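So the structure is just underneath, and the comments pick up after that.
Residue numbers (the working numbering): 2 to 342.
See the structure below:
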């Protein structure tokens with residue numbers, strides 16, 4: 002119970018518990034500035050918890066059956082659906098934000114018990130990795146390479162292509178999610194339905210359904226050429242950039258913006274499928290590719306995760322810059338409410 006992974010998980014859950022507490026407190030404060038500050042701190046703690054927890058979990062997968070990579074991917078996709086759905090239902094039922102956040106603390110001990118169980122299995126399990134022509138046994142007592150400039154160079158030489166692919170696919174899908182989808186959906190007229198005005202929310206759910214399906218599929222089918230879904234994601238980015246600029250779907254629904262929303266939802270499902278397929282298969286390659294030694298798998302995963310977060314950061318910055326320059330709401334939609342002179 003005192004393994005390094007357990008210690009990391011304990012720190013992660015401590016951060017998350019503090020985050021829930023701060024967000025609950027912020028929701029009942031009457032001073033908006035102080036409440037915003039607490040919310041910001043809580044959000045940062047959640048970000049740390051998510052990043053540390055994901056790296057910690059993924060780094061253990063190479064000691065477990067390869068099918069669990071698909072289970073892990075399915076879990077992350079399912080979280081993107083269940084979390085927002087439960088939150089929306091509770092708020093719609095009249096539950097105060099502070100009670101929602103405090104209620105989330107209940108999940109912390111549940112996660113801890115489940116993590117310890119699986120982590121102990123990882124320590125005792127001898128994974129037999131099968132290739133098409135020769136099975137090889139993975140030693141469970143292999144020591145991971147320490148972080149150093151030389152080990153990073155070795156990891157990049159072995160898995161640089163996978164790491165670059167992860168960075169690219171995260172950059173592309175988050176630029177779509179936080180940038181072009183938002184710009185394509187803002188500025189709807191006041192008479193648009195509530196469904197249409199919630200386009201981004203429903204598209205995010207659709208996206209996560211796609212992620213769930215494609216990440217789980219790695220259990221049954223693996224894609225070695227991970228650049229293929231990433232390239233398709235690039236084509237989808239071009240589509241969304243054109244839609245946000247030219248409105249060839251939005252401008253041709255005859256004012257029936259619910260139709261626009263349904264079409265956007267369908268396309269975002271494909272975005273999720275491509276992003277999830279690229280991510281899960283990159284993780285599979287980190288854990289199972291024969292030319293990556295067991296001593297460097299954990300380091301490759303950590304570098305890949307850091308690079309993917311760099312992609313998310315760059316996409317967020319690009320979206321922020323775009324929304325405040327070339328794609329301001331009133332520039333794209335001069336007739337939008339609040340934009341008319």
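Where is the CB? At the ideal position from N, CA and C, for every residue including glycine. Model, not experiment: these values are computed from the prediction.
Reducing DSSP to helix, strand and coil, say where residue 330 ends up. helix
Using 8 Å as the cut-off, can you tell me whether the region 261-270 makes contact with the region 195-210, which would need three or more C-beta pairs spanning the two stretches below that distance? yes
What are the complete alpha helix (DSSP H) segments, minimum 4 residues, inside the region 224-267? 228-247
Among 6, 89, 32, which one has its Cα closest to the Cα of residue 58? 6
Considering only the beta carbon of each residue, do residue 303 and residue 56 sit closer than 9 Å? yes
Environment of residue 164 [buried if 16+ CB atoms lie within 10 Å]: buried
Under the three-state DSSP convention, the category residue 97 falls into: coil
Cβ atoms of residue 53 and residue 87: under 9 Å apart, would you say? no
Check whether residue 200 and residue 262 have beta carbons under 9 Å apart: yes
Helix, strand or coil, according to DSSP, for residue 340 in the structure here? coil
Beta-carbon spacing of residue 211, residue 277 below 9 Å: yes
Taking 8 Å as the threshold, find out whether the region 62-80 comes into contact with the region 29-47 through three or more Cβ pairs. no
Terminal residues of the continuous alpha helix (DSSP H) containing residue 296? 295-324
Using the three-state DSSP reduction, which class does residue 291 fall into: helix, strand or coil? coil
Applying the criterion that 16 or more other CB atoms from any shown protein chain within 10 Å of the CB defines a buried residue, is residue 230 buried or exposed? buried
Note down the Cα distance separating residue 97 from residue 105, rounded to an integer number of angstroms. 13 Å
Between the alpha carbons of residue 123 and residue 60, how many angstroms are there, rounded? 11 Å
My output table needs one value for residue 192: the three-state DSSP class, helix, strand or coil. coil
Looking at residue 258 and residue 1, is the spacing between their C-beta atoms short of 9 Å? A question about residue 1 goes unanswered here, because the residues of the chain that appear run from 2 up to 342.
Within 9 Å, strictly: CB atoms of residue 275 and residue 314: no
Which one of 226, 20, 317, 190 has the shortest CA to CA distance from residue 176? 317
Going by the beta-carbon positions, is the gap between residue 242 and residue 287 smaller than 9 Å? no
To the nearest angstrom, how far is it from the Cα of residue 291 to the Cα of residue 226? 15 Å
Residue closest to residue 299, alpha-carbon to alpha-carbon, out of 228, 193, 172, 159: 159
Residue 113 by DSSP, collapsed to three states: which one? helix
Closer than 6 Å by C-beta to residue 27: which residues in its own chain qualify, once you throw out the five before and the five after it? Chain order, please. 36, 39, 40
Under the three-state DSSP convention, the category residue 215 falls into: helix
Does residue 222 come out as helix, strand or coil in the three-state DSSP assignment? coil
Look up residue 20 in the DSSP assignment and say whether it is helix, strand or coil. helix
Nearest-angstrom Cα separation, counted from residue 51 out to residue 297: 23 Å
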